[in-house]
Each structure stands twice: as structure tokens, then as C-alpha cells.
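Read through the structure below, which is laid out as C-alpha cells, and then see the notes.
Number of protein chains: 2
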Amino acid sequence: MEISQYLPFWTKLTGSQQEQILNVTEIRNVKKGIRIHDSSEECLGLVILKQGQLRAYILSEDGREITIGRLFDYDVSLLSASCVMPDLQFNIMIEAEKDTQFWSIPACLFKNLVEESLAMSNYARSLISNNLSDLMWLMEQIMWKSFDKRLAAFLLEEAAIEGTTELKITHEKIAAHMGTAREVVTRMLRYFQNEGMVRLTRGTIEIIDEAKMEQLNA
Amino acid sequence: MEISQYLPFWTKLTGSQQEQILNVTEIRNVKKGIRIHDSSEECLGLVILKQGQLRAYILSEDGREITIGRLFDYDVSLLSASCVMPDLQFNIMIEAEKDTQFWSIPACLFKNLVEESLAMSNYARSLISNNLSDLMWLMEQIMWKSFDKRLAAFLLEEAAIEGTTELKITHEKIAAHMGTAREVVTRMLRYFQNEGMVRLTRGTIEIIDEAKMEQLNA
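Residue numbers (the numbering used here), protein chains in the order written: chain E, -9 to 208; chain L, -9 to 208.
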């Protein structure tokens, strides 16, 4: 796959803009455990994950961490572009959780393009909006967690009923069961996946760490 | 002041876009204590505060609150536009903390303009980026800053907002702002009183040693 296939705004760029991106964008390989971005190091710009897994987190002065989000194959992130986006003022760390291959569109080029291309500006806005939604969600979890327990209980019950840990059920259906919105279920399931409790594939939720889930539910 | 003076992108809009905004934007007056936005009510779109004070907060299922941000004169916010911005998925409440006058650019018009005007798209991105930075900061506060520092910072901020060191605010209300229980606030305030930083009387918290409080917050 080429970089253009990862970027939904690609066909709306001019030929010259596309060329600029192709000329300066580099693909990079990092080993598991390597920190690819922090507040003091280089500014990565827009990161496009080809293969592997990245984790974005914030770090307290005394070394405590909290995961803000994760990037899997095909994910795109602007979190590492705060250096050129004056309104993004926070110090975030990004590290590779697996051996990872990613492209980065350099920060300065990205900044220029966002200011001249409506399609790119809208795309950047959408990325940041998603970050904001995720963070709002995480904050609610931290402050008041309750839905995670309900969902864990529901999945464990389903597994018991069906006699299998491989649940064939849509997020829509779970939402209907629990009286909430599909998006809420999807976001929580992704969180469960990040935590290694489930594996999500098309139409299936596989419970891979029942004990951890039961603990959550306790 | 006219609405155009509050919107930095105004001169970059076409005449027709300006006219659309002027035709449908209404000015509204709300009394202190009124909730102007929640997830079930109308969608406000872009809110431009002319005069007064608004508070945005999230609410848990069991009624606990935490303040996400405040709007003062001339502030502009997109937090109440989540209804038309599919990537902004969260339930936020907005209430008037003082008698307030504000404009709102209706959600549907705003959505259309953002998708056709580069200046507006960049402006919306900047607003959301600011929200993300604020929320990241708040998350760090909640996760890692001890409660005494957070409370000191809150009281100093209130004093700055109100222009007085004699704060008329209940412990209940402070607890709601900070996402904690009233008892926790009361206990810490008594400690502050013992340390000579505040004087507590019925319904009032008087800051009597601002310097010491600022030191605590440093």
C-alpha cells in the first residue's frame, strides 16, 4: 500500500501538494520499546502507521504514566504535531509497543498544507476532534467508571450463555441490550482490546483474558 | 460590538456567507443558573459569549460533576456543536454562572460553512485544539496533582475571576467543579484555615494569605 491510500484527502490535493508530500515523507522503522516522540525531541508531524503498534501517553513529573490512545495499522495521528500547531499545547510521549513501520509527514510541510487545503484542514480537525472525544471518554472513565463494569459483566454472561468465548454479536446489539449508543460500546470494546481482554474482528468479539475481565467486574 | 468583531475569520468569508450568518444568528439572554445545553436538548452550534459567564461540565450517571471549562466575555466555543460534528462524541452540559448574553450560530449552518470555508475550518480546528489542550491539562491535574494544590489553584482562580478575595461559594459547589465529594473539600478548607490561608464563615471563604496559597500552588 502506498501512503496515498492511507490519506482520505489525497485526491483533493493539487498535483503540486501531492508531490511535496511524496518528496519529503519518509518511512521509518522502529523497534519495540523505542520512544519516537517526546516534548524535547524532534517534531514528527503527521504520523501514519503502516504496521505495528504505537502508544501515546502523558507522563507526570515523578514518572507516572497514563495511556491516552493507541495506534494500530492504518491509523493516523496528529498528537505528535503539537510542535507546529500552536493551539495543541501538551507534552505527549509516543512509543512503539511492537516493531513498527510508519510514515511521517514533516511538521512544517503539514502546517503549511493545512493552512492552504480545505480538505486537509477538515481532516486535521476531524483527527483532533476524535482525540478530544477519546480524552473526554477517558476522563469520565477515570472519574466515574461504571460502564466498563457493566460491559464486562455483559460479555462474560454472553460467553456463559453461548458456551464460547468467541461471541458473534454486533456492537449495535450490545448497545440495545445495555440501553446505550453503539459508539459508546465500540469505544469501550476498543479499550478492552487495548487492555488485552478481548480481540475484535469483523462481527466477532473474542474474550482472551477472562480472569482480567472478571477482576474488572468484581 | 457586532458579532463580526468577535469572529477572526469574518473578513475571509464571502459576502454571501456573512449574510447567511447575520440572517440566522440570534442573540439570547439567559438567567444565572439556567442550563443552556445538554445532550438531550437543542443543539446550539457555535456559541459566542457577549457578556456573562458560562460553565461547561460533564455529569456522571449518579449526578457527580466536573467542570471542563468556562467561557467569559468574547469567548467562542464549539463544545455545544457536538450534535453536528460527528467526531465530537461526548455529552457535555453548559450552564450560565451569571446572567449571560450570547450569540449562537445554528449548528447546521456552522457545519456547512466549516466544510466550505478554509478560514472557518482552520478556526474550528484551533478551537477544538484548545479544548484538547485544556482537557489534557485537566487530566494531568486530576491524575497527578495533590488535592491541596488543585483546591488552592481553584480558589485563587475564583478570586481572580470575581475580583475579590471574599468568595461566596458553597463547599458543595466547589466539589462539583472539582469532581470530588463535599466532605473532601470541607476537610481541606479546614486545613487551609488552620494554616492561616483562609477564613471560613457561613457561605463565605475569605482568602487571607494569598502569598502562602500561591506558594502551595507553585
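Glycine residues also receive a C-beta, built at the ideal position from the N, C-alpha and C atoms. Computed from a predicted model, the values in this text were never measured in an experiment.
Grab me the residues of Ile26(E)'s own chain with a C-beta within less than 6 Å of its C-beta, minus the 5 sequence neighbours each way, in chain order. Val20, Ile84
Based on DSSP bridge pairs, tell me the residues matched to Val104(L). Looking at the DSSP assignment, Val104(L) forms no beta bridge with any residue, so it has no partner.
Let me confirm a value: Leu12(E) is counted as buried when at least 16 other C-beta atoms fall within 10 Å, else exposed. Which label applies? Exposed: under 16 other Cβ atoms inside 10 Å.
Looking only at DSSP bridge pairs, what is Met83(E) linked to? Tyr47(E)
Going by Cα to Cα distance, which pick from Leu179(E), Ala201(E), Glu185(E) is closest to Ile195(E)? Of Leu179(E), Ala201(E), Glu185(E), the residue nearest in Cα terms is Leu179(E).
8 Å Cβ shell around Thr57(E) - same chain, five flanking residues per side excluded: Arg45, Ala46, Tyr47, Asn184
Those runs of the alpha helix (DSSP H) which lie wholly inside the region 110 to 175 of chain E and span at least 4 residues: Inside the region 110 to 175 of chain E, DSSP marks whole alpha helix (DSSP H) runs of 4 or more residues at positions 137 to 152, 161 to 168, from first to last along the chain.
Listed by chain order, chain C residues near Trp127(E) by CB distance under 9 Å: In the structure shown, chain C cannot be found, because the protein chains are E and L.
Within 10 angstroms of its Cβ, does Glu55(L) collect 16 or more other Cβ (buried), or is it exposed? That one is buried.
Hey, could you find the ends of the beta strand (DSSP E) Lys40(E) is sitting in? Lys40(E) -> beta strand (DSSP E) spans 36 to 41.
Per DSSP, which residues does Asn19(E) bridge with? Please list them. Gln91(E)
If you draw a straight line from the alpha carbon of Ile24(L) to that of Lys202(L), how long is it in whole angstroms? Those two C-alpha atoms are separated by around 36 Å.
Roughly how many angstroms separate the alpha carbons of Ser111(L) and Lys163(E), rounded to a whole number? Each residue's alpha carbon lies about 35 Å from the other.
Go ahead and label Ala208(L) buried or exposed: buried means 16 or more other beta carbons lie within 10 angstroms of its beta carbon, across all protein chains shown. exposed
Within 9 Å (strictly less), CB to CB, does Asn120(L) reach chain E? yes
Arg177(L) - DSSP class collapsed to helix/strand/coil: Correct three-state label for Arg177(L): helix.
First through last residue of the beta strand (DSSP E) which encompasses Gly5(E): Per DSSP, Gly5(E) belongs to no beta strand (DSSP E); it is in the alpha helix (DSSP H), 5 to 14.
Between the C-alpha atoms of Lys40(L) and Glu(-8)(L), what's the straight-line distance to the nearest angstrom? 9 Å
Assumed close pair Ser107(E), Gln(-5)(E) - CB separation to whole angstroms, cut-off 8 Å: Not a contact, Cβ separation roughly 18 Å.
Could you name the residues of chain L that Lys133(E) contacts, counting a contact when the two beta carbons are closer than 9 Å? The question names Lys, but residue 133(E) in the sequence shown is Met. Those are Ile48, Ser50, Arg54, Ile56, Ile132, Gly169, listed as they occur along chain L.
Nearest by alpha-carbon distance to Ile197(L): which of Leu206(L), Thr155(L), Leu122(L), Cys98(L) is it? Thr155(L)
I want to see whether chain L comes within less than 9 Å of Met75(E), judged by CB atoms only; does it? yes
Tell me which residue opens and which closes the beta strand (DSSP E) that Leu61(E) is part of. 55 to 61
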